[in-house]
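Have a look at the structure below, then the notes.
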Amino acid sequence: MTHIDLRSDTVTRPTDGMRKAMHTADVGDDVYGEDRLMNELQSTVAEMLGKEAGLFIPSGTMSNQLAIRSHTQPGDEVICDYNAHIFNYEGGGPALLSGVQLHPLPGDHGILELAQIVKAMRPVDHHYAQTRLITLENTHNRAGGVVYPLSMIELVAEYARKQKLLMHLDGARLMNAVIASGIDPAAYAEPFDSVSLCLSKGLGAPVGSVLVGDTDFIDRAHRFRKMFGGGMRQVGSLAAAGLYALENHIERLTEDHHRAKELAKTCQELGVLEYDLAWTHTNIVLLAFPAGNTSELEAEFKQAGLLVSVVNDQRIRLVTHLDFNDQQLDSAKEILKKVLG
Ligand SMILES: Cc1ncc(COP(=O)(O)O)c(C=O)c1O
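FYI, the numbering for the sequence shown is 81 to 421, going by this note's numbering.
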């Protein structure tokens, strides 16, 4: 049986057009800075996000970790939301790789209020770790693809600048936020000292993220990328996939958002949508099961032809993507009704 795979938007395979671009890509040694297409990809993303420079990183996790390492010193403190990817799904990386402690705050649907951050700020006193960095996530994965309101980011950034704190954005799905809100990518990136954008999620490339910031920051990140073993050689074919994704797969995210909304409506009818429909902003749908039976449900869905992601014992996640079409949407709705109806 071929399953409909809604576990994540990372499950997509390169399209024919993308494969052709990868196949015909010219390559050079990127550790020597000689991969033409990689240089083009890095500068294209930097320009798109209004920053001086960009650096290709093998994964979103490594990109966030390099940002933390490049912005902080061991013993510093980093503020984030308690549902942030950086806090939950990066293997405790900040403690080992940067020697920093995270200070997670209880955000509302992944969104932190300025007042919470002000309260969490450590006094300048030798008893305390020094608050150095604030990281936000847009869209917010664990909150269900929520778009961070720009006005709230700007308030935080204004405070951060006054306090000489740095700001990093985990923008794994920033383009989903851009398409859902109509806000320019550079406007979303402006309040941040660094932004990490994933090419291998909604944008459909097989590998990679691009980290952007000012030239000094990217120089430091480049050094740490090498130190962490992330310097790569003939990466032109990956760059070609990334460039193809930027050209062809941004506008179409609106289709993923539409299909996610359709799934969310069905889930709402079935009484399992975690939040109100209005919180399905982009391509992620969260289902809530207070009975705590998500592993059994996962197996039932699989049996019926649908792969889902278990977030915890009470929560299941569906993510729409490039390889999920209208016909599969109809089938997925039928499977949801069959299993849960
Ligand atoms: C918000 C967010 N940040 C970072 C990552 C990490 O990306 P990767 O799987 O490429 O390490 C993910 C992965 O799903 C994510 O959802």
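Note that the Cβ used here is the ideal one computed from N, Cα and C, for glycine as well.
Q) Listed by chain order, which residues have C-beta atoms less than 5 Å from any heavy atom of ligand 1? A) S139, G140, T141, H165, N221, D250 and A252
**Q.** Bridge partners - T211, DSSP secondary structure assignment
**A.** Sequence index remark: in the sequence shown, residue 211 carries index 131 (1-based). Partner(s): E157.
Q | Collapsed DSSP secondary structure at L246 in the structure displayed | A | Counting from 1 along the sequence shown, the entry for residue 246 is found at position 166. Strand at L246.
Q. Since G251 sits in a beta bridge, which residues does DSSP pair it with?
A. On the sequence shown, position 171 is the one that residue 251 refers to. According to DSSP, G251 bridges with L277.
Q) Between which two residues does the alpha helix (DSSP H) harbouring N168 extend? A) Position 88 of the sequence shown, counting from 1, holds the residue named residue 168. Taken as a continuous stretch (DSSP letters only), the alpha helix (DSSP H) holding N168 covers H165 to N168.
Q. Would you call the segment 250 to 259 and the segment 194 to 205 touching, i.e. three or more CB-CB distances under 8 Å?
A. no
Q. Which one or two residues does DSSP pair with G134 in a beta bridge?
A. The residue given as residue 134 occupies position 54 in the sequence shown. Note: G134 sits in a beta bridge opposite V292.
Q) Within the chosen definition, does the segment 303 to 312 reach the segment 325 to 344 through at least 3 CB pairs nearer than 8 Å? A) no
(Q) Short of 6 Å in beta carbon distance, which residues of its chain neighbour L353, apart from the five on each side in sequence? Order them along the chain. (A) On the sequence shown, position 273 is the one that residue 353 refers to. If we look at L353 and ignore the five residues flanking it on each side, its Cβ neighbours are A344 and C347.
Q | Limits of the unbroken alpha helix (DSSP H) element including V419 | A | Here residue 419 refers to the residue found at position 339 when the sequence shown is read from its first residue. From DSSP, the alpha helix (DSSP H) with V419 extends over D406 to L420.
**Q.** Local conformation of R116 per DSSP, three classes
**A.** Residue numbering aside, residue 116 sits at position 36 when the sequence shown is read from its first letter. In the structure shown, R116 sits in a helix (DSSP, three-state: H, G or I).
Q.
I'd like to know whether the C-beta atoms of H361 and G225 end up nearer to each other than 8 Å.
A. As a first step, residue 361 is located in the sequence shown; it is residue number 281 there, counting from the start. As a first step, residue 225 is located in the sequence shown; it is residue number 145 there, counting from the start. Yes, the Cβ-Cβ distance between H361 and G225 is below 8 Å.
Q: Might you give, ordered along the chain, the residues of its own chain that have their beta carbon closer than 6 Å to the beta carbon of L246, omitting 5 neighbours on each side?
A: For the purposes of this step, residue 246 is identified with residue 166 of the sequence shown, where counting begins at 1. Only H151, L213 and D273 meet the Cβ criterion.
Q. Is I364 helix, strand or coil when you go by DSSP?
A. Taking the first residue of the sequence shown as position 1, residue 364 is located at position 284. Of the three classes helix, strand and coil, the one that applies to I364 here is strand, per DSSP.
Q.
Would the segment 305 to 316 count as touching the segment 279 to 286 if we require 3 or more Cβ pairs under 8 Å?
A. no
Q. Taking the Cβ atom as the reference point for each residue, do A319 and F136 lie within a distance shorter than 8 Å?
A. Looking up residue 319 in the sequence shown gives position 239. Looking up residue 136 in the sequence shown gives position 56. For A319 and F136, yes; Cβs fall inside 8 Å.
Q: Classify N144 as helix, strand or coil using the three-state DSSP reduction.
A: In the sequence shown, the residue the question calls residue 144 occupies position 64. Here N144 sits in helix by DSSP.
Q | L387 and H83 closer than 8 Å at C-beta | A | Here residue 387 corresponds to residue number 307 of the sequence shown, with the count starting at 1. Here residue 83 corresponds to residue number 3 of the sequence shown, with the count starting at 1. Taking 8 Å as the Cβ cut-off, L387 and H83 qualify as a contacting pair.
**Q.** With 16 other Cβ atoms within 10 Å as the buried cut-off, status of K131
**A.** Here residue 131 corresponds to residue number 51 of the sequence shown, with the count starting at 1. Buried: at least 16 other Cβ atoms inside 10 Å.
Q: Whole angstroms is fine: what's the gap from P154's alpha carbon to L176's?
A: Position 74 of the sequence shown holds residue 154. Position 96 of the sequence shown holds residue 176. For P154 and L176, the distance between alpha carbons rounds to 10 Å.
Q) In the DSSP assignment, what are the bridge partners of P184? A) As a position in the sequence shown, residue 184 is number 104, starting the count at 1. In DSSP, P184 forms a bridge with C160.
Q. Are at least three pairs of beta-carbons, each pair with one atom in the segment 217 to 235 and one in the segment 189 to 196, less than 8 Å apart?
A. yes
Q. Can you name the start and end residues of the alpha helix (DSSP H) that R99 belongs to?
A. Position 19 of the sequence shown, counting from 1, holds the residue named residue 99. It spans D96 to H103 - the alpha helix (DSSP H) in which R99 sits, taken as one unbroken run.
Q. For R313, is the classification buried or exposed, using 16 other Cβ atoms within 10 angstroms of its Cβ as the cut-off for buried?
A. Within the sequence shown, the letter at position 233 stands for residue 313. When all chains shown are included, R313 counts as exposed.
**Q.** Candidates A260, G134, L326 and Y268, of which the one nearest E335 by Cα
**A.** On the sequence shown, position 255 is the one that residue 335 refers to. Per the Cα distances, A260.
Q. Per DSSP, which one or two residues make a beta bridge with S71?
A. Residue 71 is absent from the model: the chain starts at 81 and stops at 421.
Q. Distance, Cα to Cα, L86 vs K242?
A. The count along the sequence shown starts at 1 and reaches residue 86 at position 6. The count along the sequence shown starts at 1 and reaches residue 242 at position 162. Rounded to the nearest angstrom, the two C-alpha atoms are 43 Å apart.
Q. Hey, L277 and V390 are a contact pair by Cβ (cut 8 Å); roughly how many whole angstroms apart?
A. Residue mapping note: residue 277 aligns to position 197 of the sequence shown, counting from 1. Residue mapping note: residue 390 aligns to position 310 of the sequence shown, counting from 1. Wrong, their Cβ atoms sit about 27 Å apart, outside the cutoff.
**Q.** Cβ contact check for the segment 261 to 268 and the segment 95 to 106: 3 or more pairs under 8 Å
**A.** no
Q: Pick out whichever of G351, L402, E380 and G172 has its Cα sitting closest to the Cα of H337.
A: Working through the sequence shown from its first residue, we reach residue 337 at position 257. Closest option to H337, Cα to Cα, is L402.
Q: In the DSSP assignment, find the beta strand (DSSP E) that holds R395 and state where it starts and stops.
A: Translated into positions along the sequence shown, residue 395 becomes position 315. That run of the beta strand (DSSP E) goes R395 to V399.
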